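**Q** Structure in structure tokens, see below.
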Amino acid sequence: MFKPLRHTGAATLCIALLAISCATSAAGLKNGLKIAFLPKQINNPYEVIADDGGMAAIKEFGGVGKVVGPSDAGASSQVQYINTLITQRQDAIVIAANDANAVVPYLKKAMSQGIKVVTFDSDTAPEGRQLFVNQANAEGIGRGQIQLVSKLMGGEGEFAVLSATPNATNQNTWIKWMQEELKKPEYSKIKLVKIAYGNDDDQKSFVETQGLLQAYPNLKAIVAPTTVGIAAAARYISSSSSKGKVAVTGLGTPNQMRAFVKNGTVKAFQLWDPNQLGYLAGYAAAALASGTINGKEGESFDAGKLGKRTIGPQGEIILGPPTTFDASNIDNFNF
Ligand code: RAM
């Protein structure tokens, strides 16, 4: 019986056609795509893991990947990199935006020249990109952080948030959902006393932690929804008299937090696998640049080992729910 060709993988077809060189991969992706990752900052261990995931994906589908970016997470620090990537005629830019708006005119310029733009980790305003690869549902992350800290505080007392930069789209969205969750009657005895900003800078986050402990002597917990912030806060508290009195939680990488879980400073925290986030973003960018998707809701694409993924409302693709790490499971994770 005749089998329609579209059911035949491109790779199989390539073998069948033998000597003819094929311009697409199994997933219909073009060969040799130039894809640049532009993280919030290049020296942030979280971003490094995510970028590595992106580069692994690009290697799988035969593209040419690279990572460029600033050393600080300032609002406009990524602009010069975007301009250079436009000049270099990249096929796609995958960016974790440091500001929802500052980069938009430059990303629009890229798109007007046919360069595909995917945000991941931290989004821009929707007009700045074609797709947003989100680590997890933002509402779920924000509400989940409050559920976790409430448990660690025994349901009452003062806590502070130690965030990244004041303009970080991802942290600001999560904090908004934390504040929503706090409106529920079960949290009536919990008070958010301060939102401090460590700018995803280790030293500044460390000093901000010290400042919070001095300013709020009754503080029972610090929630840092940033891997840089939580590691700095845990480091400060682990060698201070607040150890055992002030809980530290938030979003961290198991490798950075392991020692603080083992020494009892941190009981529990959350995250997803940043490597998978970058990997998914790499495949999304390649699918866009190959024209197998246009970025419309409901379209699906093949994301290698992560399987088939579908675009949701507002061009958002979600990796999956976060994991909660504690002493019982942290050794099962290595990132
Ligand atoms: C930091 C960055 C990043 C965020 C993680 C949780 O590394 O701010 O954007 O997703 O924390």
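Mind the numbering: the sequence shown is residues -26 to -1, 1 to 309 in mature numbering (1 follows the signal peptide of the UniProt record, and there is no 0), read in order.
Here a beta-carbon is modelled for each residue, glycine too, at the ideal position from N, C-alpha and C.
Quick caveat: nothing in here was measured; it's all calculated off a predicted structure.
Residue ranges of each beta strand (DSSP E) run of no fewer than 3 residues wholly in the region 247 to 299, ordered along the chain?
**A** 274 to 276, 282 to 284 and 290 to 292, all fully within the region 247 to 299.
**Q** Count the other CB atoms within 10 Å of the CB of N57; is the residue buried (16 or more) or exposed (fewer)?
**A** For the purposes of this step, residue 57 is taken as residue 83 along the sequence shown, with counting starting at 1. Looking at its Cβ environment, which holds fewer than 16 other Cβ atoms inside 10 Å, N57 is exposed.
**Q** Would you call residue 311 buried or exposed, if buried means 16 or more other Cβ atoms sit within 10 Å of its Cβ?
**A** Given that the chain is displayed from residue -26 to residue 309, the structure contains no residue 311 and the question cannot be resolved.
**Q** Take L136 as the anchor and find which of W246, G185, L251 and E130 has the nearest alpha-carbon.
**A** The residue labelled residue 136 in the question sits at position 162 within the sequence shown. Of the listed residues, the one whose Cα sits closest to L136 is G185.
**Q** Look at A30 and G252 and say whether their C-beta atoms are less than 9 Å apart.
**A** Within the sequence shown, numbered from 1, the residue matching residue 30 stands at position 56. Within the sequence shown, numbered from 1, the residue matching residue 252 stands at position 278. Yes, they are a contact pair.
**Q** At the level of alpha carbons, what is the spacing between D300 and E160?
**A** Along the sequence shown, read from residue 1 onward, the residue named residue 300 stands at position 326. Along the sequence shown, read from residue 1 onward, the residue named residue 160 stands at position 186. Rounded to the nearest angstrom, the two C-alpha atoms are 24 Å apart.
**Q** What residues are listed by DSSP as bridge partners for G224?
**A** One-based indexing of the sequence shown puts residue 224 at position 250. Its beta-bridge partners are A198.
**Q** Apply the 10 Å Cβ neighbour rule to F189 and answer buried if 16 or more other Cβ atoms are within range, or exposed otherwise.
**A** Within the sequence shown, residue 189 is the residue found at index 215, counting from 1. The identity of residue 189 in the sequence shown is Ala, whereas the question assumes Phe. By the 10 Å Cβ count, A189 comes out exposed.
**Q** Pull up the distance between the alpha-carbon of S212 and that of S96, whole angstroms please.
**A** Mapped onto the sequence shown, residue 212 falls at position 238. Mapped onto the sequence shown, residue 96 falls at position 122. The straight-line gap from Cα to Cα measures roughly 30 Å.
**Q** Can you name the residues that DSSP bridges to N108?
**A** Here residue 108 refers to the residue found at position 134 of the sequence shown. Answer is I292, bridged to N108.
**Q** Return the residue from the list G28, S274, K165 and V53 that minimises the CA-CA distance to A10.
**A** Taking the sequence shown and counting its residues from 1, the one referred to as residue 10 is at position 36. Of the candidates G28, S274, K165 and V53, the one whose C-alpha sits nearest the C-alpha of A10 is G28.
**Q** In terms of residues, what are the limits of the beta strand (DSSP E) holding S137?
**A** The residue you call residue 137 lines up with position 163 of the sequence shown. Looking at the DSSP string, the run of the beta strand (DSSP E) that includes S137 is G131 to S137.
**Q** Excluding the 5 residues preceding and the 5 following D73 in the sequence, name in chain order all residues of the same chain whose CB lies nearer than 6 Å to its CB.
**A** Locating residue 73 in the sequence shown gives position 99, counting from the first residue. For D73, where only same-chain residues beyond five positions count, the Cβ hits under 6 Å are A49 and N141.
**Q** Around the Cβ of S124, are there at least 16 other Cβ atoms within 10 angstroms (buried) or fewer (exposed)?
**A** For the purposes of this step, residue 124 is taken as residue 150 along the sequence shown, with counting starting at 1. That one is buried.
**Q** What are the start and end residues of each continuous beta strand (DSSP E) run of 3 or more residues lying completely inside the region 149 to 208, in chain order?
**A** The region 149 to 208 contains these whole beta strand (DSSP E) runs: 164 to 171 and 193 to 198.
**Q** Spatial neighbours of Q15 within its chain, please: CB distance less than 7 Å, with the 5 preceding and 5 following residues excluded, ordered by chain position.
**A** To locate residue 15, count along the sequence shown from 1; it is residue 41. E21, G43, P44, S45, D46, A47 and D174, listed in sequence order.
**Q** Indicate the three-state DSSP secondary structure (helix, strand or coil) for G39 in the structure shown.
**A** Against the sequence shown, residue 39 aligns to sequence position 65. Three-state result, G39: strand.
**Q** Can you give me the C-alpha to C-alpha distance between Q244 and M231, rounded to a whole angstrom?
**A** Position 270 of the sequence shown, counted from the first residue, corresponds to residue 244. Position 257 of the sequence shown, counted from the first residue, corresponds to residue 231. Those two C-alpha atoms are separated by around 10 Å.
**Q** Can you tell which of D25, V197, A259 and N306 has its C-alpha closest to the C-alpha of I115?
**A** Counting from one through the sequence shown, the residue named residue 115 turns up at place 141. The option with the nearest alpha carbon to I115 is V197.
**Q** Taking its Cβ as the centre, do 16 or more other Cβ atoms sit within 10 Å of S(-6), making it buried, or is it exposed?
**A** As a working note, residue -6 is residue 21 in the sequence shown. In this predicted model, S(-6) has a pLDDT of only 43, less than 50, meaning its place in the structure is not dependable enough to derive any value.
**Q** What first and last residue would you give for the beta strand (DSSP E) that runs through L245?
**A** As a first step, residue 245 must be located in the sequence shown, where it is residue number 271. Taken as a continuous stretch (DSSP letters only), the beta strand (DSSP E) holding L245 covers A242 to L245.
**Q** Quick check: does the Cβ of N237 come within less than 8 Å of any heavy atom belonging to ligand 2?
**A** As far as ligands go, the structure on display features ligand 1 and does not contain ligand 2.
**Q** What is the DSSP secondary structure of F11, counted as helix, strand or coil?
**A** Locating residue 11 in the sequence shown gives position 37, counting from the first residue. Reduced to three states, the DSSP call for F11 is strand.
**Q** Compute every distance between the C-beta of N144 and the non-hydrogen atoms of ligand 1, then say whether any falls below 8 Å.
**A** The sequence position of residue 144 within the sequence shown is 170, counting from 1. Correct: N144 has its Cβ closer than 8 Å to ligand 1.
**Q** Pull up the DSSP beta-bridge partners for K82, would you.
**A** Within the sequence shown, numbered from 1, the residue matching residue 82 stands at position 108. According to DSSP, which records beta bridges pairwise, K82 is partnered with nothing at all.
**Q** Once you ignore the five residues that flank A76 on each side, which residues in its own chain have a CB closer than 6 Å to its CB?
**A** Translated into positions along the sequence shown, residue 76 becomes position 102. The answer, listed in chain order, is A49 and S50.
**Q** When the Cα atoms are used, what is the spatial distance from G278 to L262?
**A** As a first step, residue 278 must be located in the sequence shown, where it is residue number 304. As a first step, residue 262 must be located in the sequence shown, where it is residue number 288. Taking the straight line joining both Cα atoms gives about 15 Å.
**Q** Contact defined as beta carbons within less than 8 Å: I believe T183 pairs with P19. What is the distance between those atoms, to the nearest angstrom?
**A** Here residue 183 is taken as the residue at index 209 of the sequence shown, counted from 1. Here residue 19 is taken as the residue at index 45 of the sequence shown, counted from 1. About 18 Å separates the two Cβ atoms, so there is no contact after all.
**Q** Quick check on the burial criterion: 16 or more other C-beta atoms within 10 angstroms. Buried or exposed for D305?
**A** Against the sequence shown, residue 305 aligns to sequence position 331. With fewer than 16 other Cβ atoms within 10 Å, it is exposed.
**Q** Among Y171, V222 and F35, which residue has its Cα nearest to the Cα of N237?
**A** Indexing the sequence shown from 1 puts residue 237 at position 263. That would be V222, whose Cα lies nearest to the Cα of N237.
**Q** Say yes only if the C-beta of Y20 is nearer than 8 Å to one or more non-hydrogen atoms of ligand 1, and no if none qualify.
**A** The count along the sequence shown starts at 1 and reaches residue 20 at position 46. Under cutoff, so the answer is yes.
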